[in-house]
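Accompanying notes for the structure given below.
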Amino acid sequence: MEKTYYITTPIYYPSGNLHIGNTYTTVFCDALRRYKDMRGYDTYYLTGMDEHGKKIETVANERNMHPIKHVDEIAAATKALWDRMNISYDDFIRTTEKRHKTVVQKIFEQLLDQGDIYLGEYEGYYCMHCEAFFTESQLGEDNTCPDCERETSKLQEESYFLRLSKYQKKLLSFIEENPDFITPESRRNEVLNFIRQGLNDLSVSRTTFDWGIKIVSNPKHVVYVWIDALSNYISALGYGTDNDELYQKYWHGDEVVHVVGKDILRFHAIYWPIMLMALDIPITFKLHAHGFYTAKEGKMSKSKGSVVYPDTLIDRYGLDELRYFLLRELPYGGDGIFTPQSFVERINYDLANDFGNLLNRTVSMINKYLNGKVTSYSEASTDYDEDLETMCKETVKTYSENMESFKVSEAIKAVWALISRTNKYIDETEPWILGKDENKKDELENVLYHLAESLRHIGILLQPILLDASQSLFKQLGVSKSLRRYDTLSFGELREIEVARKPSPLFPRLDQEEEIEKLTKHLRGEEETQEENEENLATFEDFTKLDLRVGKITDCKPHSNADKLLVIQVDIGEGKDRQIVAGVAKHYTPESLIGKKVVVVANLEPVSLRGEKSEGMLLAASNDDTLEVLTLEKANPGDSVS
Ligand code: MSP
Numbered sequence: 001m002e003k004t005y006y007i008t009t010p011i012y013y014p015s016g017n018l019h020i021g022n023t024y025t026t027v028f029c030d031a032l033r034r035y036k037d038m039r040g041y042d043t044y045y046l047t048g049m050d051e052h053g054k055k056i057e058t059v060a061n062e063r064n065m066h067p068i069k070h071v072d073e074i075a076a077a078t079k080a081l082w083d084r085m086n087i088s089y090d091d092f093i094r095t096t097e098k099r100h101k102t103v104v105q106k107i108f109e110q111l112l113d114q115g116d117i118y119l120g121e122y123e124g125y126y127c128m129h130c131e132a133f134f135t136e137s138q139l140g141e142d143n144t145c146p147d148c149e150r151e152t153s154k155l156q157e158e159s160y161f162l163r164l165s166k167y168q169k170k171l172l173s174f175i176e177e178n179p180d181f182i183t184p185e186s187r188r189n190e191v192l193n194f195i196r197q198g199l200n201d202l203s204v205s206r207t208t209f210d211w212g213i214k215i216v217s218n219p220k221h222v223v224y225v226w227i228d229a230l231s232n233y234i235s236a237l238g239y240g241t242d243n244d245e246l247y248q249k250y251w252h253g254d255e256v257v258h259v260v261g262k263d264i265l266r267f268h269a270i271y272w273p274i275m276l277m278a279l280d281i282p283i284t285f286k287l288h289a290h291g292f293y294t295a296k297e298g299k300m301s302k303s304k305g306s307v308v309y310p311d312t313l314i315d316r317y318g319l320d321e322l323r324y325f326l327l328r329e330l331p332y333g334g335d336g337i338f339t340p341q342s343f344v345e346r347i348n349y350d351l352a353n354d355f356g357n358l359l360n361r362t363v364s365m366i367n368k369y370l371n372g373k374v375t376s377y378s379e380a381s382t383d384y385d386e387d388l389e390t391m392c393k394e395t396v397k398t399y400s401e402n403m404e405s406f407k408v409s410e411a412i413k414a415v416w417a418l419i420s421r422t423n424k425y426i427d428e429t430e431p432w433i434l435g436k437d438e439n440k441k442d443e444l445e446n447v448l449y450h451l452a453e454s455l456r457h458i459g460i461l462l463q464p465i466l467l468d469a470s471q472s473l474f475k476q477l478g479v480s481k482s483l484r485r486y487d488t489l490s491f492g493e494l495r496e497i498e499v500a501r502k503p504s505p506l507f508p509r510l511d512q513e514e515e516i517e518k519l520t521k522h523l524r525g526e527e528e529t530q531e532e533n534e535e536n537l538a539t540f541e542d543f544t545k546l547d548l549r550v551g552k553i554t555d556c557k558p559h560s561n562a563d564k565l566l567v568i569q570v571d572i573g574e575g576k577d578r579q580i581v582a583g584v585a586k587h588y589t590p591e592s593l594i595g596k597k598v599v600v601v602a603n604l605e606p607v608s609l610r611g612e613k614s615e616g617m618l619l620a621a622s623n624d625d626t627l628e629v630l631t632l633e634k635a636n637p638g639d640s641v642s
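Under the working numbering, the residues of the sequence shown are numbered 1 to 642, in order.
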């Protein structure tokens, strides 16, 4: 039977749009989930929204909306963002859903009946931003929140409390006996120190606002948000209901992982395990707390133009580029900095130069010297071969160990070390010199085989990270589906491939200075207008660079991996149809386009869109609501348009 793997993100507050910092957690979990899938696990990925609490109520009031309308809106936008980012989640739990509320109410009543929750009087300071209460001694200067340094307000009210003190010793021994329960180690030490200082019982209900789950036996109280929020990890699996199959399978399964940011470590490392102990539920999870993305000058701030939203980056640069940056740039145990410069440099240096060029050169050389075909492997014949083969093997090991221990950035670094080694192998073996000598044909074949096989390794390992580029690599190299699997990672498995006739660049190179400037301005909201930017005017010569032609659509299918895209075959008079991927699925059914004569930009650089090659573009007129593809009546396929 397959081993199970259950991974969760924190559930997000619907207080605004998610920036790259929040989305990091989700992309990180997505990569781990895909990695575990590749290792043959039966995986389950949960994410969702934390929709109760005073803060949400206040935000909704400010918008003159009922809180449920407000949270519905943000939940829909968040799901759309995850779709756009190709996040492979299985369930999206919202704490306002009935399935969640009933479980929380049941948990609360059980803890109350057992005496683990009791009624008392709360006096403390509340930080609305962090949804956290503090005692006077914990506060910063001028009674500010010790975490976010914002103002707090003093509260005194009747409240229920969870007896943390009762479980303190048990929790301490649990953490001490399970050294890999919390990673990184620095975070584990933080938690241990905190517990050793002594735990105060935790206030777990409120009477001063309504937007929360009512306590059944005393409905003037609502459950304070952390008990509500943390329960999502089991309520989503059906814990405590008649339908608890998922809970039995995954919570009691082989591996359970909670990934959180460092700011919410304490809640997950202390309150959650204590809740589970009190409920007599086994603590099966491992907790990983990552650092923060910040701007160069510190925390991301809207006023300084340093808050970065994922949409902005995907629109302009692409999803793989964003995923790569996020996963590569945040070091294990530390924080990461986003700057337009570091982002653009990672794309140009790592993706376009090191990785993209390697594939490009390899496909070109296999075409040039071997007529597009590489046959089979005949063991290492030079030290270079041996070295490369060893490196492939070691990279699989290092990469996998790092992925298993949440060191995703390190895992990526290991793949890039192999990319560099493979680039160096080209310099060492000089295939262009071997190509000049008929007697060196075998040697040349062997070199190109080694390049292709190393790239296959790279493609497999990058599947959880670069979703489109890894698939494009396989297609360009002609690697069959069965050889894209992790369990085929052994040098020499590759046989009889036929590469694409022309390589298509995996990542377009950016004009570095121009992009950095544009991105910086964009983030500051200082978009250039047409008048300000004379360079925006196209010269006649610019226009004539475009090869616009009439094309007849001969076939059209939905894209298997993107709802918005259609994969279209067009006859543009070349004797062979071109494939174009167009974002028109919202406006046209595939059948309705077949037979239409359209205008095609025929000399655009080919790109891969979600794994499908696109060699051109259709012209269309659009506004916010409609989109209409330009069509012609009399013209013939191949006619030029000017
Ligand atoms: N609702 C709680 C979590 C409840 S889980 C039972 C919450 N939500 S949040 O929306 O504020 O944060 C969600 C996640 O985003 C947290 O893991 C948080 O650490 C993470 N991040 C918020 N800002 C971040 C960065 N700048 N960088 C990296 N992660 C960041 O907390």
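In this text, a Cβ means the ideal position worked out from N, Cα and C, and glycines have one as well.
This structure is a prediction, so every number in the text was calculated from the model and none was measured.
Length of the line joining the Cα atoms of residue i and residue j
i	j	result
P179	R188	8 Å
C392	E453	9 Å
P184	G573	60 Å
L630	N603	18 Å
K441	G478	21 Å
G638	R316	31 Å
H252	P282	8 Å
G334	V601	46 Å
G551	Q512	35 Å
N439	R361	23 Å
Y6	D90	10 Å
S420	R549	41 Å
I426	Y399	23 Å
E683	H587	Absent from the structure is residue 683, since the part of the chain shown begins at 1 and ends at 642.
E321	K413	15 Å
Coil, strand or helix - residue i by DSSP
i	result
Y89	coil
R421	helix
I234	helix
M128	coil
Y486	helix
L604	coil
E2	coil
K502	coil
T294	strand
Y118	strand
M617	strand
R651	Nothing can be reported for residue 651, as the shown portion of the chain is limited to 1 through 642.
Residue i and residue j closer than 8 Å at C-beta
i	j	result
H457	L418	yes
V256	V363	no
I182	L81	no
Y24	D50	no
E2	G48	no
A621	E628	yes
H100	N232	yes
L388	T422	yes
Y250	T95	no
L246	G240	no
V307	A289	no
F292	H258	no
L473	L455	yes
Residue i burial status per 10 Å Cβ neighbour count (16 or more: buried)
i	result
W432	exposed
Q248	exposed
H66	exposed
Q114	exposed
N371	exposed
K576	exposed
S470	buried
Q105	buried
Y349	exposed
I68	exposed
N61	exposed
Interface flag, residue i vs chain C, CB-CB below 8 Å
i	result
I497	Considering every chain present, this structure includes no chain C. It has just one protein chain.
Proximity test, residue i beta-carbon vs the ligand NAD heavy atom, cut-off 7 Å
i	result
F292	Of the ligands this structure carries, namely the ligand MSP, none is the ligand NAD.
- request: Write down every uninterrupted run of the beta strand (DSSP E) in the segment 395–475 whose length is 3 residues or greater and which is fully enclosed by it, in chain order.
  value: none
Any beta strand (DSSP E) of 3 or more consecutive residues that is wholly inside the segment 25–58:
42–49
Counting only runs that start and end within the segment 302–345, where is the alpha helix (DSSP H) found for 4 or more residues in a row? 310–317, 319–329, 340–345
| task | Any chance you could list the alpha helix (DSSP H) runs of at least 4 consecutive residues sitting entirely within the segment 158–236, in chain order? | result | 164–177, 185–196, 225–230, 232–235
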